[in-house]
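Peer 1:
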Amino acid sequence: MKTEKNLPRNPSSIKTRFAVKFLQAMNKMNKRKNPSTSMAVKYKRYQFIRAAATSSMASAVGPRRAWSRAVLRKMRNHTAIHRFPMNNKTRTTRRFPITRRKRSSILRGNPRQEDDLGFGQEDDLRGLVPGGQGMDFCRLLSETAHYIKCLKTQVQVMTNVLHHYST
Amino acid sequence: MGSEESGDRVFEQRGDSSILNYPFYGCNWDPIVFNEFGNQTVESSSHLLHFPSDMVPKISNFGSGSFSEMVTSFGHISETACHSNIAQNSEDGTLGPSPYGKRKRKLSPNNAEEEQHKDPSGDTSDFPNKDDDEKQKFEQNIGTNSRSKQAVKQAKDNLTGDEISKENYIHVRAKRGQATNSHSLAERVRRERISERMRLLQELVPGCNKITGKAMMLDEIINYVQSLQQQVEFLSMKLATVNPELNVDIDRILFFTCASNPAALGIASGLNSSHPFPGYPQGTFNGAPGSTPPFNPLPQHIWSNELQGLLQMGFDHDPSASSLGRTVRGKGNHPYLGQFQHCGEDYGRH
Numbered sequence: 001m002k003t004e005k006n007l008p009r010n011p012s013s014i015k016t017r018f019a020v021k022f023l024q025a026m027n028k029m030n031k032r033k034n035p036s037t038s039m040a041v042k043y044k045r046y047q048f049i050r051a052a053a054t055s056s057m058a059s060a061v062g063p064r065r066a067w068s069r070a071v072l073r074k075m076r077n078h079t080a081i082h083r084f085p086m087n088n089k090t091r092t093t094r095r096f097p098i099t100r101r102k103r104s105s106i107l108r109g110n111p112r113q114e115d116d117l118g119f120g121q122e123d124d125l126r127g128l129v130p131g132g133q134g135m136d137f138c139r140l141l142s143e144t145a146h147y148i149k150c151l152k153t154q155v156q157v158m159t160n161v162l163h164h165y166s167t
Numbered sequence: 001m002g003s004e005e006s007g008d009r010v011f012e013q014r015g016d017s018s019i020l021n022y023p024f025y026g027c028n029w030d031p032i033v034f035n036e037f038g039n040q041t042v043e044s045s046s047h048l049l050h051f052p053s054d055m056v057p058k059i060s061n062f063g064s065g066s067f068s069e070m071v072t073s074f075g076h077i078s079e080t081a082c083h084s085n086i087a088q089n090s091e092d093g094t095l096g097p098s099p100y101g102k103r104k105r106k107l108s109p110n111n112a113e114e115e116q117h118k119d120p121s122g123d124t125s126d127f128p129n130k131d132d133d134e135k136q137k138f139e140q141n142i143g144t145n146s147r148s149k150q151a152v153k154q155a156k157d158n159l160t161g162d163e164i165s166k167e168n169y170i171h172v173r174a175k176r177g178q179a180t181n182s183h184s185l186a187e188r189v190r191r192e193r194i195s196e197r198m199r200l201l202q203e204l205v206p207g208c209n210k211i212t213g214k215a216m217m218l219d220e221i222i223n224y225v226q227s228l229q230q231q232v233e234f235l236s237m238k239l240a241t242v243n244p245e246l247n248v249d250i251d252r253i254l255f256f257t258c259a260s261n262p263a264a265l266g267i268a269s270g271l272n273s274s275h276p277f278p279g280y281p282q283g284t285f286n287g288a289p290g291s292t293p294p295f296n297p298l299p300q301h302i303w304s305n306e307l308q309g310l311l312q313m314g315f316d317h318d319p320s321a322s323s324l325g326r327t328v329r330g331k332g333n334h335p336y337l338g339q340f341q342h343c344g345e346d347y348g349r350h
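As they're listed, the protein sequences go chains A and B.
Residues in the first sequence are numbered consecutively from 1, following full-length UniProt numbering.
Residues in the second sequence are numbered consecutively from 1, following full-length UniProt numbering.
(1) With respect to the alpha helix (DSSP H) encompassing Met237(B), which residues constitute its N-terminal and C-terminal limits?
(2) With respect to the alpha helix (DSSP H) encompassing Ile49(A), which residues constitute its N-terminal and C-terminal limits?
(3) Taking the straight line between their C-alpha atoms, what separation do you get for Ser166(A) and Gln133(A)?
(4) Would you say Val61(A) lies against chain B (beta-carbon separation less than 8 Å)?
(5) Beta carbon of Phe48(A), beta carbon of Val157(A): below 8 Å?
(6) Could you tell me if the beta carbon of Val129(A) falls within a distance shorter than 7 Å of some heavy atom in the ligand ADP?
(7) Around the Cβ of His171(B), are there at least 16 other Cβ atoms within 10 angstroms (buried) or fewer (exposed)?
(8) Within 8 Å, do at least three Cβ pairs link the segment 12-30 of chain A to the segment 196-208 of chain B?
(9) Any beta carbon from chain B within less than 8 Å of Met158(A)'s own beta carbon?
(10) Can you list, in chain order, the residues of the segment 174-186 of chain B whose Cβ is nearer than 7 Å to any Cβ on chain A?
(11) From the beta carbon of Glu233(B), is the nearest beta carbon of chain A less than 8 Å away?
(12) Do we get a CB-CB distance below 8 Å when we pair Ser68(A) with the residues of chain B?
(13) State the start and end residues of the unbroken alpha helix (DSSP H) segment that holds Val205(B).
(14) Touch check for the segment 45-63 of chain A and the segment 217-230 of chain B: three-plus C-beta pairs under 8 Å?
(15) Is there a C-beta anywhere in chain B that falls below 8 Å from the one on Arg45(A)?
(16) Between the segment 134-144 of chain A and the segment 188-198 of chain B, do at least 3 Cβ pairs fall closer than 8 Å?
(17) CA-CA distance, Gly62(A) and Ser38(A)?
(18) Kindly list, in the order they appear in chain A, the residues whose Cβ is closer than 9 Å to that of Thr212(B).
(19) Got a sec: is the Cβ-Cβ distance from Arg197(B) to anything in chain A below 8 Å?
(20) Measure the C-alpha to C-alpha separation of Tyr147(A) and Arg199(B) and round it to an integer number of angstroms.
(21) Is the shortest distance between the beta-carbon of Arg190(B) and the beta-carbons of chain A less than 8 Å?
(22) Does the CB of Ile14(A) have a neighbour CB from chain B at under 8 Å?
(23) Please name the residue, chosen from Ala66(A), Ala60(A), Lys42(A), that lies closest to residue 170(A) on a Cα-to-Cα basis.
(24) Quick check: what's the CA-CA separation for Arg83(A) versus Arg173(B)?
(25) Taking 8 Å as the CB-CB cut-off, is Gln154(A) touching chain B?
(26) Taking the beta carbon of Arg64(A) as the centre, do at least 16 other beta carbons fall within 10 Å, making it buried, or is it exposed?
(27) Tell me whether Gly120(A) is buried or exposed, calling it buried when 16 or more other Cβ atoms sit within 10 Å of its Cβ.
(28) Going along chain A in order, which residues have a C-beta closer than 9 Å to the C-beta of Gln229(B)?
(29) DSSP on Tyr25(B), reduced to helix/strand/coil?
(30) Would you verify that the beta carbon of Ala40(A) is, or is not, closer than 8 Å to some beta carbon of chain B?
(31) May I ask which residues mark the beginning and end of the alpha helix (DSSP H) holding Met75(A)?
(32) Using only CA atoms, which one of Gly213(B), Glu203(B), Val189(B), Glu233(B) lies nearest to Val155(A)?
(33) Any residues in the segment 135-149 of chain A with a beta carbon nearer than 8 Å to a beta carbon of chain B? Which ones, in chain order?
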């Protein structure tokens, strides 16, 4: 089992930052109201928790990474649209920008997607990683690595919180 | 140039250090040539203008000469360049392919985190001009010059006269038997960088040690990311159902977070508005040392049990989860799906 320590190893690691923010959000949600736990309420809570997990992870990472920037931007757009659902001017999302390689391949006429191997894997990966549309493959891979690391810590912390709740 | 390499020790930029087996850093070929080229008159430098003229199509014809004789001829040229006018064809010829060796790589602004490149704008424009002169000079040196390319950059700096930005260029050397086209060099650099990233991803994704090949590796990565995202969703669903109890613990945990970790104070203080210290201002650390002493004997023990458990219990929880998944499903030996099945099982019971 773990050794007895008074402090976590790294008080400013991504894990602790995410844990604090996530618990904050959970607490805020619990304090709101406690109606009967019907299915609709549960579903709403589930959506809220999912959004809280993603956004607290992104804010714990900060604007240093492209995927966290994309997540934060999406959150901001989401709240802006839902609060002021008035006109189309608030849509600032950038969809599928033409990367440099796509541009060069279009100009030259020959497809330069060597890494695709014809199975569309690159596009799948772009769809999975937030903000993956606007970067080239090399950058996409490094963003994926960091994203995987953050997802792992997210799963760990949430599992522990759940375990803590259920005992 | 050494500083340029030392700056490239960061991960994203590291890919090129393996390529940079440039043997001339030790010797002073570059500065000599550069200085000499800079000092010479226009007409002598005009001879040098011819050098990188059209080495692109010719280099592919190179024989398999040895690298050492290339080096020696290169060193020989450095002396002659220093002293003579370099009006002789032979020296021009031998110098011809060699400066062409080093290619300047330019990447898009997207890769700002990686090496800073600038495509030599004069690169393609220079080539069509000096086609004819170099052909006869070139034939002599096809035998000698084999696989390496030398600093075309110096000649180019002399050409344009204003590109002193050595540190913006990554020197790539074509290996023996490989195509030395500018495009293929760029492709090779890119491919090496990508393979390096794939290796790192291989370490991150469990169970990928035996997999070779980019396609299967990408498949594994995609599956893993999908499974992690689904795990997060399942966990949030479970948290939504289990949630309503145990509010006070979170409050206590967060309060004791700021008791022992002032860095988290600003984060947690906003939450504790309903806490016994209602007048606690947000984001100010000054009040913390004064307010926490009465609680100090208590929180240390609780801290170590609660928040630490929250953060670090995952390492113990995962093996148990996967073992549980194994007993339940019988196929929990998958590196990361076993844990996932465990979550799914519990959720089904609710």
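Built from N, CA and C at the ideal position, the CB exists for glycine as well.
Since we're looking at a predicted model, the values are computed, not measured.
Peer 2: So, to answer that:
(1) Here residue 237(B) is taken as the residue at index 237 of the second sequence, counted from 1. Start and end: 214-242.
(2) Residue numbering aside, residue 49(A) sits at position 49 when the first sequence is read from its first letter. Where Ile49(A) is concerned, the enclosing alpha helix (DSSP H) stretches over 39-61.
(3) Against the first sequence, residue 166(A) aligns to sequence position 166. Against the first sequence, residue 133(A) aligns to sequence position 133. Cα-Cα distance, rounded: 39 Å.
(4) To locate residue 61(A), count along the first sequence from 1; it is residue 61. It does not: the Cβ of Val61(A) has no partner Cβ on chain B nearer than 8 Å.
(5) What you label residue 48(A) is simply residue 48 of the first sequence in a count that begins at 1. What you label residue 157(A) is simply residue 157 of the first sequence in a count that begins at 1. No. Outside cutoff.
(6) No copy of the ligand ADP occurs in the structure displayed, which carries no ligand at all.
(7) Locating residue 171(B) in the second sequence gives position 171, where the first residue counts as 1. Within 10 angstroms of the beta-carbon of His171(B) lie 16 or more other beta-carbons, which makes it buried.
(8) Contact fails: fewer than three Cβ-Cβ distances are below 8 Å.
(9) Translated into positions along the first sequence, residue 158(A) becomes position 158. With 8 Å as the cut-off, Met158(A) counts as an interface residue toward chain B.
(10) Contacts with chain A (Cβ-Cβ distance below 7 Å) from the segment 174-186 of chain B involve no residue at all.
(11) As a position in the second sequence, residue 233(B) is number 233, starting the count at 1. By this cut-off, Glu233(B) is an interface position.
(12) Counted from its first residue, the first sequence places residue 68(A) at position 68. Against chain B, the CB of Ser68(A) has no partner CB under 8 Å away; the residue lies outside that interface.
(13) Here the question's residue 205(B) lines up with position 205 in the second sequence. No alpha helix (DSSP H) holds Val205(B); DSSP gives it neither H nor E.
(14) Touching, no, given that fewer than three Cβ pairs across the two stretches are closer than 8 Å.
(15) On the first sequence, residue 45(A) is found 45 positions in, with the first residue counted as 1. At least one chain B Cβ lies under 8 Å of Arg45(A).
(16) With three or more CB-CB distances shorter than 8 Å, the segment 134-144 of chain A counts as touching the segment 188-198 of chain B.
(17) In the first sequence, the residue the question calls residue 62(A) occupies position 62. In the first sequence, the residue the question calls residue 38(A) occupies position 38. Roughly 36 Å separates the two Cα atoms.
(18) What you label residue 212(B) is simply residue 212 of the second sequence in a count that begins at 1. By Cβ distance, chain A contributes nothing, its closest Cβ being about 14 Å from Thr212(B), past 9 Å.
(19) As a working mapping, residue 197(B) is identified with position 197 in the second sequence. Arg197(B) counts as touching chain A.
(20) As a working note, residue 147(A) is residue 147 in the first sequence. As a working note, residue 199(B) is residue 199 in the second sequence. When the Cα atoms are used, Tyr147(A) and Arg199(B) turn out to be separated by approximately 16 Å.
(21) By 1-based counting over the second sequence, the position of residue 190(B) is 190. It does: the Cβ of Arg190(B) has a partner Cβ on chain A nearer than 8 Å.
(22) Here residue 14(A) corresponds to residue number 14 of the first sequence, with the count starting at 1. False, the Cβ-Cβ gap to chain B never drops below 8 Å.
(23) Absent from the structure is residue 170(A), since the part of chain A shown begins at 1 and ends at 167.
(24) By one-based count along the first sequence, residue 83(A) stands at place 83. By one-based count along the second sequence, residue 173(B) stands at place 173. Put simply, the backbone Cα of Arg83(A) is about 57 Å away from that of Arg173(B).
(25) Sequence index remark: in the first sequence, residue 154(A) carries index 154 (1-based). Cβ-Cβ to chain B under 8 Å: yes for Gln154(A).
(26) Counting from 1 along the first sequence, the entry for residue 64(A) is found at position 64. Its Cβ having fewer than 16 others within 10 Å, Arg64(A) is exposed.
(27) Indexing the first sequence from 1 puts residue 120(A) at position 120. It is exposed - the Cβ of Gly120(A) has fewer than 16 other Cβ atoms within 10 Å.
(28) In the second sequence, residue 229(B) corresponds to position 229, counting from 1. Simply Leu128, Leu151.
(29) As a position in the second sequence, residue 25(B) is number 25, starting the count at 1. Note that Tyr25(B) has pLDDT 45, beneath the 50 cutoff, so the model's placement of it is unreliable and no number is given.
(30) Stepping through the first sequence from its first residue, residue 40(A) is reached at position 40. Not one chain B Cβ lies under 8 Å of Ala40(A).
(31) Within the first sequence, the letter at position 75 stands for residue 75(A). Counting along the chain, the unbroken alpha helix (DSSP H) around Met75(A) starts and ends at 66-83.
(32) As a first step, residue 155(A) is located in the first sequence; it is residue number 155 there, counting from the start. Selected option, being the one with the closest Cα: Glu233(B).
(33) Per Cβ criterion, the list reads Met135, Asp136, Phe137, Cys138, Arg139, Leu141, Ser142, Thr144, Ala145, Tyr147, Ile148, Lys149.
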